[in-house]
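Engineer:
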Amino acid sequence: MNQEMTGRQGVGEHRFFARWYDTVTGPLERRWLGRVREELLADLGGQILEIGAGTGANLAHYRRADHVVAAEPDPAMRERLRRRLGEARVPVELSPVRVEDLPFGDDTFDVVVSTLVLCSVADLPAALAEVRRVLRPAGRLVVIEHVRDDGVRGRAQDALAPLWRRLAAGCHLNRDIATAIRTAGLEAGPIDTFRPRPTLPILHRWIRGTATPPEM
Ligand SMILES: C[S@@+](CC[C@H](N)C(=O)[O-])C[C@H]1O[C@@H](n2cnc3c(N)ncnc32)[C@H](O)[C@@H]1O
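Here the sequence shown is numbered in the numbering used here, starting from 15 and rising by one per residue.
Here you go:
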């Protein structure tokens, strides 16, 4: 049932990050992140593209999808993703592509899923332009992302961002992802801001929800 495609790739390989990712995020998954994934993903149907699928934390949450392309460009993460394919209840195809250059035609997917990925992509506007291009007019982008906080916490994130980027495989601590989504021409509908506990140090503010192409 599950297959693997080849294609353009390239975000480097982060073996240390991949080795520790599930251990570090485990407490969040158990306390709230797993539940949020379930709420947003379980009812999604049709053709789904998951960008930056990582170690496969979302795989078990798809229940109604016809087909999922799980795209993960980092070979170390992708190897872990491959090992978890057995958890999927729907057909899943692995792909090595980066979101900035997707090898799919316009209007291909009903849903694009991005969980903890838009913080890490090298070129956020290019990534969102590609997401919008491959989404069908009635499609939607589903996100769970950490974002820049307000006030002193936001300024602390700005100061720590260069170090964090090196430690966390290119993750930007301080992106305003909701604004970037709107700037890309997708309409929030709805995207909630929330402050989960526990969270990782200095990742206090998160968003979850959906965004859609504007109605023609
Ligand atoms: C923090 S991990 C999140 C993994 C998974 N989505 C989750 O919810 O646990 C970020 C992932 O984004 C991937 N990534 C980074 N840059 C990317 C890009 N340009 N295109 C697609 N994926 C990218 C990384 O390789 C990594 O697996």
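Here a beta-carbon is modelled for each residue, glycine too, at the ideal position from N, C-alpha and C.
Predicted model only: the values in this text are computed from it and were never measured.
Identify every residue that forms a DSSP beta bridge with residue 61.
Structural biologist: 81, per the DSSP bridge assignment.
Engineer: Do residue 102 and residue 73 have their beta-carbon atoms positioned less than 8 Å apart in this structure?
Structural biologist: Yes.
Engineer: CB of residue 48 to nearest heavy atom of ligand 1: below 7 Å?
Structural biologist: For ligand 1, not one heavy atom lies less than 7 Å from the Cβ of residue 48.
Engineer: Have a look at 154, 182, 98 and 90 and flag the residue whose alpha-carbon is nearest the alpha-carbon of residue 135.
Structural biologist: Closest option to residue 135, Cα to Cα, is 182.
Engineer: Measuring only the C-alpha atoms, how far is residue 98 from residue 205?
Structural biologist: Near 29 Å, if we compare the C-alpha coordinates of residue 205 and residue 98.
Engineer: I want to check one thing, is the minimum distance from the CB of residue 130 to the heavy atoms of ligand 2 below 7 Å?
Structural biologist: Summarising the ligand content, the structure contains ligand 1 and does not contain ligand 2.
Engineer: Can we say the stretch 59-68 touches the stretch 134-149, given the rule of at least three CB pairs closer than 8 Å?
Structural biologist: Yes, the stretch 59-68 touches the stretch 134-149.
Engineer: Determine the direct distance from the alpha carbon of residue 25 to that of residue 140, and round the result to whole angstroms.
Structural biologist: If you take the alpha carbons of residue 140 and residue 25, they lie about 15 Å apart.
Engineer: Look at the Cβ atom of residue 156, then the Cβ atom of residue 58, and state whether they are nearer than 8 Å.
Structural biologist: In this structure, residue 58 lies closer than 8 Å to residue 156 by Cβ.
Engineer: Hey, out of 94, 168 and 43, whose CA is closest to residue 27's CA?
Structural biologist: Among 94, 168 and 43, the Cα nearest to that of residue 27 belongs to 94.
Engineer: Apart from the five residues on each side of it in sequence, which residues of its chain come closer than 7 Å, Cβ to Cβ, to residue 5?
Structural biologist: Because the chain spans 15 through 230 in this model, residue 5 falls outside it and cannot be assessed.
Engineer: Note down the Cα distance separating residue 125 from residue 227, rounded to an integer number of angstroms.
Structural biologist: Between residue 125 and residue 227, the C-alpha separation is close to 11 Å.
Engineer: Under a three-way DSSP split, which group does residue 27 fall into?
Structural biologist: If DSSP states are grouped into helix, strand and coil, residue 27 belongs with coil.
Engineer: From what residue to what residue does the alpha helix (DSSP H) around residue 178 run?
Structural biologist: It spans 165-181 - the alpha helix (DSSP H) in which residue 178 sits, taken as one unbroken run.
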